[in-house]
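Undergrad: One structure follows; several queries about it will come next.
In the numbering used here, the protein residues as written are 1 to 564.
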């Protein structure tokens, strides 16, 4: 609820501060006094587009501050919480516009963007007037009104949750589809790699053994010559070592017989001879094992070439290639799991699609039932407001889909809702945006707000020119509607009609005066006595007669005593 408004240097307003109370408040004054400036100020501080031409002549900037009681505005508190703006039951909005055209806004001394300010403002105040871009003119909002009337928000929340899950799964499926070809290509690469690595039958240490064998096979003839020459030098040649060593044993034995101190040296001779004999036998065995095998050498060369290729492609070593094989097998398993995941995802999408269709169908049926009651009540309200020939219809159509016969869903269900109105006999039902009369539009909004009073979360409603084209008893009925709406909302109404003004709980007079060739707008809350005087002025004009005063007092007293 708006509790206070302070304006500085806006159009003809130099500086004013006005307090607003609960219930139904009217603003009256001569044409051009500045009533619309007050509405402009409220819209400005709530994020409406601002131009430097709004700044009072001679001033460097304009500032508007509005204070709201948030205790009953749950949605506004939620948005402030999301924006991390502290709000302990009260919100102070202040917006400043410089002559350069730049503006800055703060909410409880925290900076706020114009976009977020507009969003916040839409939850605080609804302005309904002939030239305003009203919610009623936006067909996208009509579905909200209908659902609020039918108390369908819980079911609609279920639809929105299901639709969110459904669209999320569709996005996941789209991503999987985009990756499908990549997965197929990767699957082929992995299979080729796994087949090649498995067919290689890698064994750790095999390459080292093969390279050693390759060396032996490639140098078989030379090894035979070299080891043969050693064998010949040990035993078989003319100058062989072993026979000569054996011949040296006898002289050393004779010497040891003469000098026993030589026995240790003699004892060293036998181990030498035995070692040389073992060496000779080992060399003969080695030489006999040497075999020139070109076929085996070709096989070793082929195997080594295969291992070299495997190493080059899969990590640079046998160990790395074996690790790559395991990695490929794991990745292939994950890819196969991905296929299972896609099947599971399709299953979930089908289940969610079925659930979404069921919920949206149920919501659509309840909307149509609610629309019948809603239309009847709106027509009744319009007739009470003087639109006796009006026809109101809530048009519900399925959402459009390029694929004929395929239902289309949104977070709001499967319906497109638009209000249609015919104000005169023989006139076709038309969208609200095609209604030329601002008074008709305002009265329709008044009728709608009367019906939706209990469920409308926007607590401050401003009606501008709601009295356009009406008078007499009809104006009084409009006044009673506004007063009734003031029981559940804060209602501000700009009017020129005494019948509407007389029924208000609070009355504010907007006037202007000239001082030193400057125009100043003044705002004055009226007492009960002053209110009667102003109603009398609305009745008779500039010259207020005793008869006008008596009639005005009667109207005010009748309105005060009347039961809603």
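Ideal Cβ placement from N, Cα and C applies to all residues, glycine included.
A quick note: this is a predicted structure, and the numbers were derived from the prediction, not measured.
Start and end of the alpha helix (DSSP H) containing residue 301?
TA: 294-313
Undergrad: Thinking just about the alpha-carbon of each residue, which of 551, 441, 484 and 342 is nearest to the one in residue 22?
TA: 484
Undergrad: With a threshold of 16 other CB atoms inside 10 Å of the CB of residue 559, please say whether the residue is buried or exposed.
TA: buried
Undergrad: What are the start and end residues of each continuous beta strand (DSSP E) run of 3 or more residues lying completely inside the region 222-305, in chain order?
TA: none
Undergrad: In this structure, does DSSP put residue 326 in helix, strand or coil?
TA: helix
Undergrad: Tell me, please, which residues DSSP counts as bridged to residue 570.
TA: Absent from the model: residue 570. The displayed extent of the chain is 1 to 564, so no value can be given.
Undergrad: Do residue 449 and residue 423 have their C-beta atoms closer together than 8 Å?
TA: no
Undergrad: Does DSSP put residue 565 in a helix, a strand or coil?
TA: Nothing about residue 565 can be reported from this structure: the residues present for the chain run from 1 to 564 only.
Undergrad: Beta-carbon within less than 6 Å of residue 433's beta-carbon, same chain only, minus the 5 sequence neighbours each way: which residues are those?
TA: In chain order, 137 place their CB closer than 6 Å to the CB of residue 433, counting only its own chain and leaving out the 5 sequence neighbours on each side.
Undergrad: Under the assumption that residue 79 contacts residue 123 (Cβ atoms under 8 Å), give the Cβ distance between them as a whole number of angstroms.
TA: 6 Å
Undergrad: Quick one: any contact between the region 279-296 and the region 218-236, if contact means 3 or more CB pairs under 8 Å?
TA: yes
Undergrad: So does the region 39-53 actually touch the region 516-523, counting three or more Cβ pairs closer than 8 Å?
TA: no
Undergrad: If you follow the beta strand (DSSP E) that residue 67 is in, where does it begin and where does it stop?
TA: 61-69
Undergrad: Taking 8 Å as the threshold (C-beta atoms), are residue 322 and residue 162 in contact?
TA: no
Undergrad: Apart from the five residues just before and just after residue 115, which ones in its own chain have a Cβ nearer than 8 Å to its Cβ?
TA: Cβ neighbours of residue 115 within its own chain (closer than 8 Å, five residues either side excluded): 47.
Undergrad: According to DSSP, is residue 575 part of a helix, a strand, or is it coil?
TA: Nothing can be reported for residue 575, as the shown portion of the chain is limited to 1 through 564.
Undergrad: Tell me, which residues are paired with residue 164 by DSSP?
TA: None, per the DSSP bridge assignment.
Undergrad: Roughly how far, in whole angstroms, is the beta-carbon of residue 99 from the beta-carbon of residue 52, given that I think they are within contact range, below 8 Å?
TA: 5 Å
Undergrad: Does the Cβ of residue 534 have 16 or more other Cβ atoms within 10 Å, making it buried, or fewer, making it exposed?
TA: buried
Undergrad: Grab me the residues of residue 296's own chain with a C-beta within less than 7 Å of its C-beta, minus the 5 sequence neighbours each way, in chain order.
TA: 217
Undergrad: Express the C-alpha separation of residue 303 and residue 200 in angstroms, rounding to a whole number.
TA: 9 Å
Undergrad: Among 256, 495 and 274, which residue has its Cα nearest to the Cα of residue 266?
TA: 256
Undergrad: With DSSP as the reference, label residue 131 as helix, strand or coil.
TA: A caution first: residue 131 carries a pLDDT of 45, below 50, which makes its placement in the model too unreliable to give a value.
Undergrad: Rounded to the nearest angstrom, what separates residue 329 and residue 195 at their Cα positions?
TA: 10 Å
Undergrad: Taking only three categories from DSSP, how would you classify residue 15?
TA: strand
Undergrad: Quick check: residue 396 and residue 379, are their CB atoms within less than 8 Å of each other?
TA: Contact flag unset, no.
Undergrad: Looking at the secondary structure, which residues open and close the alpha helix (DSSP H) in which residue 77 lies?
TA: 74-82
Undergrad: Between 541, 35, 31 and 63, which has its C-alpha nearest residue 44's C-alpha?
TA: Of the candidates 541, 35, 31 and 63, the one whose C-alpha sits nearest the C-alpha of residue 44 is 63.
Undergrad: Could you check the C-alpha separation between residue 191 and residue 305 for me, to the nearest Å?
TA: 22 Å
Undergrad: Between residue 278 and residue 310, what straight-line distance do the alpha-carbon atoms span, to the nearest angstrom?
TA: Their Cα atoms are separated by approximately 43 Å.
Undergrad: Does the distance between the C-beta of residue 297 and the nearest non-hydrogen atom of the ligand MN fall short of 7 Å?
TA: Among the components of this structure there are no ligands whatsoever, and the ligand MN is therefore not found.
Undergrad: Helix, strand or coil: how does DSSP classify residue 106 here?
TA: strand
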